[in-house]
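One structure is given here, and the rest of the page talks about it.
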RNA sequence: GCGGCCGUAGUCUAGCUUGGUUAGGACGCUGGCCUCCCAAGCCGGUGACCCGGGUUCAAAUCUCGGCGGCCGCACCA
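In the numbering used here, the protein residues as written are 2 to 585.
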């Protein structure tokens, strides 16, 4: 769809820059792609979108919000798996310039296993490629030197320190890292939703399309924790009859391109969506986009196939919005992260991240206990003895013994542990409850994309002028106040009114330059829903006119009724026509 | 990161081929006049050769490098 031979993308970016919503940063130094500055209108709009996000998600679920730092000690992202999966050795074919993952080439052409390639340094990768004389699978060309692509920003923490820090690529990790305290603060209830809205950094290879792919961006991560054995969503009733536009993975691999309208209850029955909470959040996400002005038919949820998913995700749907030029564009990801992150942090930090849930009735259960026998382990494993002891202490006793029975030994972390190394005992114990690692579903939104989408969705051309028809809730500026002409006391009266409305907490814009038509046009372009005009009659009977941005119709209203009516209007309690009596 | 195309005020654009212009226009923005309702009119003002090197007496113009943009490839956890 083109309007006046200009795509909406171009038109929106132009208006964004000209009116001060956002623009590329550091322009005076030639710019740096992947960074963007929000101007006055943009930061107001972004703030309102974040407020809408809070209304849509935090309130109904009583979720709790946190705020943590961007610079994060390396350990955190080593534990979370990001260091490993954000860094890949790549090689480029010198002939056809295609790029490949070097580790995948070694796996596929030289039969080197993933766990082996992981351990290789760049030099070794290079050597192995040569040794197996691996060629470009596309054109049989030679490869250049392998290089790492590390898309996390790296820094050093402290002045002379060797301690590495990363710019967080998602806001989620600090929620997992701080989970124990947060759980305690939330008084140990499940399900529990924890939220963070904040900046994240990704050193994208090729950031493009302005606000759509940035190197520094605002992400809104919801980590919703629940008991996997009690995975029912108690609010499902509110959404189960609603439909979602879905492209499930199974159908996607069969070539399905158009989303199916699937009832939530059906999507769960058919197994399209793995868990109820995920489905529930997908409905909230759809409604949230509705409230930013995006209709259902411009939304869809498309499942990510196994190899497309993040390393932590057991199931993932992307919520996409259909844009004019950019096509289907991801605005949020809905991942079932299971207990992956908490378990990883448990493993690396050695801190117990399990939660305890009391049974209704205590249960007595037979349990197996295993203990390392140091006197036999010592001589057998020598310097590795300590590691072996840790392995045994940390193992799941019943599973350990099952394997022992089956094979006569247990192979753990490359240690062959024999029956003589462990002491086994059985006891009947009374269990008051169970300990488990909660599971997590994660809806995660890119706020900057939402800002862009709100703009593009609101954008309309009418009689050769641009109008941003924001839903009234997210309009950066709510009302404009104009004197019809600058002659006489109209200006004074209008400024008085502007001050009054501003004191009432409304975002107000005053303008008296140019003609009234020009001012209306400027207001439309800033997406201001209502324009209030002071005219000759105002001085006589204390009434003003209010003009609707979307229809350009006007009503006349007495000034004392203005504030309560405006409040009702912005709370969607009344329509524009209810504001006053139709004039003209 | 690679390849193709491209870069003149906030926007659109003339000029570049053939080096020498006070770099021209329109819209916007802005000040004033006028104006009782949708970018009206009149007068004034503001504002640009992406950055850096080279060639040359002289560079918007030729050349090299960088930065940025668009498209394609790759990447997108």
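Don't be surprised by glycine CBs; every beta carbon is placed ideally from N, CA and C.
1. Do you know whose CA, among 236, 232, 268 and 467, lies nearest residue 249's CA?
2. In this structure, how does DSSP classify residue 377 when only helix, strand and coil are distinguished?
3. Can you list, in chain order, the residues of its chain whose CB lies under 8 angstroms from that of residue 136, leaving out five sequence neighbours each side?
4. Taking three-plus beta-carbon pairs below 8 angstroms as touching, is the region 423-437 in contact with the region 358-378?
5. Using only alpha-carbon positions, find the residue among 257, 251 and 283 that is nearest to residue 264.
6. Can you give me the Cβ contacts of residue 11 inside the same chain, cut-off strictly under 6 angstroms, excluding the 5 residues immediately before and after it?
7. Around the Cβ of residue 278, are there at least 16 other Cβ atoms within 10 angstroms (buried) or fewer (exposed)?
8. With C-beta atoms as the reference, is residue 244 less than 7 angstroms away from residue 271?
9. Quick check on the DSSP output: what are the complete beta strand (DSSP E) runs of length 3 or more inside the region 325-367, in order along the chain?
10. In this structure, how does DSSP classify residue 586 when only helix, strand and coil are distinguished?
11. Can you tell me where the beta strand (DSSP E) holding residue 190 begins and where it ends?
12. Given that a residue counts as buried once 16 or more other Cβ atoms are within 10 Å of its Cβ, and exposed if not, what is residue 519?
13. First and last residue of the alpha helix (DSSP H) that includes residue 555?
14. Around the Cβ of residue 499, are there at least 16 other Cβ atoms within 10 angstroms (buried) or fewer (exposed)?
15. Would you kindly report the start and end of the unbroken alpha helix (DSSP H) that includes residue 53?
16. Can you check which of these residues, 485, 41 and 568, is closest to residue 546 by C-alpha distance?
17. Would you kindly report the start and end of the unbroken beta strand (DSSP E) that includes residue 300?
18. For residue 37, count neighbouring Cβ atoms within 10 angstroms of its own Cβ and tell me buried if that reaches 16, exposed if not.
19. Let me check understanding here. Comparing Cα to Cα, which of 409, 285, 416 and 366 lies closest to residue 384?
20. My parser needs the beta strand (DSSP E) runs of 3 or more residues fully inside the region 452-535; what are they?
21. Assuming contact is defined by CB atoms lying nearer than 7 angstroms, are residue 320 and residue 302 in contact in what I supplied?
22. Roughly how many angstroms lie between the CA atoms of residue 6 and residue 91, to the nearest whole one?
23. In chain order, what are the residue ranges of uninterrupted alpha helix (DSSP H) at least 4 long that sit wholly in the region 254-304?
24. Which two residues bound the contiguous beta strand (DSSP E) that contains residue 150?
25. Who does residue 317 pair with in a DSSP beta bridge?
26. Spatial neighbours of residue 370 within its chain, please: C-beta separation below 8 angstroms, excluding the five flanking residues on both sides.
27. Hey, how far is the Cα of residue 534 from the Cα of residue 548?
28. Could you pull the start and end residues of the alpha helix (DSSP H) that residue 446 belongs to?
29. Measure the alpha-carbon distance for residue 362 versus residue 431 and round it to whole angstroms.
Considering the structure as presented:
1. As a first step, residue 249 is located in the first chain; it is residue number 248 there, counting from the start. Selected option, being the one with the closest Cα: 268.
2. Working through the first chain from its first residue, we reach residue 377 at position 376. Note: residue 377 maps to helix in three-state DSSP.
3. Locating residue 136 in the first chain gives position 135, where the first residue counts as 1. Once the five neighbours on either side are set aside, the close Cβ partners of residue 136 are 142, 143 and 144.
4. yes
5. Within the first chain, numbered from 1, the residue matching residue 264 stands at position 263. For the residues 257, 251 and 283, the minimum Cα distance to residue 264 belongs to 283.
6. As a first step, residue 11 must be located in the first chain, where it is residue number 10. So no residue of the chain qualifies.
7. Reading the first chain from its first residue, position 277 is the one you call residue 278. Under this definition residue 278 is a buried residue.
8. To locate residue 244, count along the first chain from 1; it is residue 243. To locate residue 271, count along the first chain from 1; it is residue 270. Not in contact: residue 244 and residue 271 (Cβ atoms no closer than 7 angstroms).
9. 328-339
10. With the chain covering only 2 through 585, there is no way to say anything about residue 586.
11. Counting from 1 along the first chain, the entry for residue 190 is found at position 189. Element bounds for residue 190: n/a, residue is neither H nor E.
12. Here residue 519 refers to the residue found at position 518 when the first chain is read from its first residue. The residue is exposed, with fewer than 16 neighbouring Cβ atoms inside 10 Å.
13. Working through the first chain from its first residue, we reach residue 555 at position 554. That residue, residue 555, is in no alpha helix (DSSP H); its beta strand (DSSP E) goes 555-559.
14. Residue 499 sits at position 498 when you count from the first residue of the first chain. By the 10 Å Cβ count, residue 499 comes out buried.
15. As a working note, residue 53 is residue 52 in the first chain. Looking at the DSSP string, the run of the alpha helix (DSSP H) that includes residue 53 is 41-54.
16. Residue mapping note: residue 546 aligns to position 545 of the first chain, counting from 1. Closest by alpha carbon: 485.
17. Start at 1 with the first residue of the first chain, and residue 300 comes out as number 299. Element bounds for residue 300: 300-304.
18. Mapped onto the first chain, residue 37 falls at position 36. So residue 37 counts as buried.
19. As a working mapping, residue 384 is identified with position 383 in the first chain. Here the closest residue by C-alpha is 416.
20. 460-463, 466-469, 480-484, 509-511 and 531-535
21. Taking the first chain and counting its residues from 1, one reaches residue 320 at position 319. Taking the first chain and counting its residues from 1, one reaches residue 302 at position 301. Yes; because the gap between Cβ atoms is below 7 angstroms, this pair is in contact.
22. Here residue 6 refers to the residue found at position 5 when the first chain is read from its first residue. Here residue 91 refers to the residue found at position 90 when the first chain is read from its first residue. With a pLDDT of 49 at residue 6, under the threshold of 50, the modelled position of that residue is not reliable, and no figure is offered here.
23. 265-270 and 277-292
24. On the first chain, position 149 is the one that residue 150 refers to. That run of the beta strand (DSSP E) goes 148-151.
25. If you number the first chain from 1, residue 317 lands on position 316. The partner list for residue 317 (beta bridge, DSSP) reads 336.
26. Position 369 of the first chain, counted from the start, is the residue given in the question as residue 370. Cβ within range, chain order: 398, 425, 426, 427 and 428.
27. As a working mapping, residue 534 is identified with position 533 in the first chain. As a working mapping, residue 548 is identified with position 547 in the first chain. Cα-Cα distance, rounded: 8 angstroms.
28. Reading the first chain from its first residue, position 445 is the one you call residue 446. Not the alpha helix (DSSP H): residue 446 falls in the beta strand (DSSP E), residues 440-447.
29. Along the first chain, read from residue 1 onward, the residue named residue 362 stands at position 361. Along the first chain, read from residue 1 onward, the residue named residue 431 stands at position 430. So the alpha carbons of these two residues sit roughly 10 angstroms apart.
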